[in-house]
Amino acid sequence: VGRFYPTIELAYFWTPLDGTIQATAAQGIGIPVPNLDEGDYDAFEYRVGLPYLCNEKTTLSVEWIGSISDAFTQNDLGFSGRFDMAKIKEGLVLDAGFRVPIDDDGLRTDVTPFVAMEYRF
Numbered sequence: 001v002g003r004f005y006p007t008i009e010l011a012y013f014w015t016p017l018d019g020t021i022q023a024t025a026a027q028g029i030g031i032p033v034p035n036l037d038e039g040d041y042d043a044f045e046y047r048v049g050l051p052y053l054c055n056e057k058t059t060l061s062v063e064w065i066g067s068i069s070d071a072f073t074q075n076d077l078g079f080s081g082r083f084d085m086a087k088i089k090e091g092l093v094l095d096a097g098f099r100v101p102i103d104d105d106g107l108r109t110d111v112t113p114f115v116a117m118e119y120r121f
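When you line the sequence shown up against the working numbering, it's residues 1 to 121, in that order.
(1) Measuring only the C-alpha atoms, how far is I68 from V48?
(2) Report all residues from its chain with a CB closer than 8 Å to the CB of Y119; omit the five preceding and five following residues, and keep chain order.
(3) Identify the residues that DSSP records as bridge partners of W64: which are they?
(4) Which class does I8 belong to by DSSP, given the choice of helix, strand or coil?
(5) Tell me, which residues are paired with Y41 by DSSP?
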């Protein structure tokens, strides 16, 4: 829609019960988890974004990112930018941004920054 291109991503993750217990044991956590049932950590995840094409080398984006499971529900807002670094090296792209929780579920930091680089052949 002009310089905006709305995006929606949907995913469902299945976590078998024995996989959850093995992961807990591998991390050295010896706490028994009572009433843990298969499917407790299955999660429906979604991402709704609105990237804006500023020019042919820069895109800014805002996203609502969420995860719903029997164990918890989390919602975050994400803000990011994507920058073409062709002046440094053709095919090089820099991504940078941060996520902010909009609810209090789970163990999360107040702000989660990220920086990534991508090289296209």
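Ideal Cβ placement from N, Cα and C applies to all residues, glycine included.
On the basis of the supplied data:
(1) C-alpha separation (whole angstroms): 14 Å.
(2) Answer for Y119: K89, G91, L92, V93, listed in chain order.
(3) Answer is V48, L77, bridged to W64.
(4) Three-state DSSP puts I8 in a strand.
(5) Within the DSSP secondary-structure output, Y41 pairs in no beta bridge.
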